[in-house]
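Numbering of the sequence shown is given in the UniProt record's numbering, commencing with residue 1 and proceeding in unit increments.
For each residue, glycine too, the CB sits at the ideal point set by N, CA and C.
Computed from a predicted model, the values in this text were never measured in an experiment.
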Amino acid sequence: MGKALAFSVAATLFATGTAASAADYSYSGSLAGPNAVQLFNFTVTSPSSVTLRTYSYAGGINAAGQTITSGGFDPILALFDGSGELVGENDDGGLNVPADATTGSRYDTFLQALLQPGTYTVSVAAYSNFAIGPNLSNGFENDGTFDGRANRWAFDILNVNSAIQVGAVPEPGTWALMLVGFGAIGASLRRRRRATAVPALA
1 MGKALAFSVA ATLFATGTAA SAADYSYSGS LAGPNAVQLF NFTVTSPSSV
51 TLRTYSYAGG INAAGQTITS GGFDPILALF DGSGELVGEN DDGGLNVPAD
101 ATTGSRYDTF LQALLQPGTY TVSVAAYSNF AIGPNLSNGF ENDGTFDGRA
151 NRWAFDILNV NSAIQVGAVP EPGTWALMLV GFGAIGASLR RRRRATAVPA
201 LA
């Protein structure tokens with residue numbers, strides 16, 4: 001009887017400790033261009049109902065208590081598991097998000113999922129730069145637009161154990177310029193190596 005009671009108390013303390021360690025994270029920033037994608041990683045250590053929500057379009061008060069002004073772009077959130085598989089994607093949050101005071105549209109996103117323990121990645125992109133899927137490595141459609149609105153975003157990750165903003169996915173044009181630059185450097189080094197390898201003729 002004593003062992004059962006001790007186990008019950010320990011289990012309750014463990015459950016309470018796990019629940020207490022879950023937290024809410026708020027982020028804000030801007031996209032470099034309409035096809036840029038901002039990534040975040042987060043972890044859950046027990047089965048959790050996680051909510052991902054933006055304030056880019058209509059504004060509002062985020063989980064950190066900060067007032068976010070309206071006027072940002074129409075966002076898309078895509079959620080990927082630890083292997084990179086697309087778990088879910090949301091463009092418009094419907095009645096879960098407020099209507100923009102100017103347009104009357106409910107274009108902020110609201111994505112809720114019951115997740116198993118693990119590490120996940122979520123992307124913030126502008127409509128209609130959807131994830132191609134079924135994996136994060138497949139990239140995005142590169143069809144985004146700010147539609148005359150600001151390039152700023154604001155975003156909450158709710159009820160997770162940790163979260164961090166990671167590097168943005170470069171736009172296709174940036175990748176192309178980088179590849180051209182790397183190619184030019186490689187060709188230059190190859191020419192230079194060849195020039196030093198040729199022996200001088202007497």
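Please list the terminal residues of the continuous beta strand (DSSP E) segment that includes residue i.
| i | result |
| --- | --- |
| Ser28 | 23-30 |
| Asn41 | 37-44 |
| Gln112 | 110-115 |
| Val50 | 48-54 |
Using CA atoms only, rank isn't needed, just tell me which of the options is closest to residue i.
| i | options | result |
| --- | --- | --- |
| Leu115 | Phe140, Asp108, Leu86, Tyr107 | Leu86 |
| Thr48 | Ser162, Gly84, Thr69 | Note on identity: in this sequence residue 48 is Ser, with Thr being the wrong assignment. The residue with the shortest Cα to Cα distance from Ser48 is Ser162. |
| Pro75 | Ser21, Phe110, Gln165 | Phe110 |
| Asp91 | Asp156, Tyr107, Ser30 | Tyr107 |
| Val37 | Pro98, Leu77, Gln66, Thr119 | Leu77 |
| Leu136 | Val166, Ser83, Gly94, Tyr57 | Ser83 |
| Val50 | Leu31, Gly33, Ile157, Gln66 | Ile157 |
| Gly60 | Asp81, Gly33, Gly88, Val97 | Val97 |
| Gly94 | Arg53, Asn129, Ser123 | Arg53 |
| Thr43 | Arg152, Ala125, Tyr120, Gly33 | Tyr120 |
| Ile68 | Phe140, Phe155, Phe130 | Phe155 |
| Ala23 | Leu31, Gly29, Ser30, Ser46 | Ser46 |
| Gly65 | Gly71, Gly33, Ser26 | Ser26 |
| Thr102 | Gly71, Tyr127, Leu79, Phe130 | Gly71 |
| Asn62 | Gln165, Ile164, Trp153, Ala168 | Trp153 |
Mind checking who residue i pairs with in its DSSP beta bridge?
| i | result |
| --- | --- |
| Leu79 | Gly88, Val122 |
| Gly60 | Ile68 |
| Ala150 | Gly72 |
| Ser137 | According to DSSP, Ser137 bridges with nothing at all. |
| Ile157 | Tyr25, Leu52 |
| Ile164 | Asn41 |
| Ala99 | Partner(s): none; Ala99 has no beta bridge. |
Taking 8 angstroms as the cut-off, is the C-beta of residue i nearer than that to any heavy atom in the ligand HEM?
| i | result |
| --- | --- |
| Gly88 | For the ligand HEM, the structure offers nothing, since it holds no ligand at all. |
Pop quiz: residue i and residue j are said to be a contact at Cβ under 8 angstroms. What is the actual Cβ separation, rounded to whole angstroms?
| i | j | result |
| --- | --- | --- |
| Ser105 | Ala99 | 7 angstroms |
| Ser56 | Phe73 | 6 angstroms |
| Gly144 | Asn35 | 5 angstroms |
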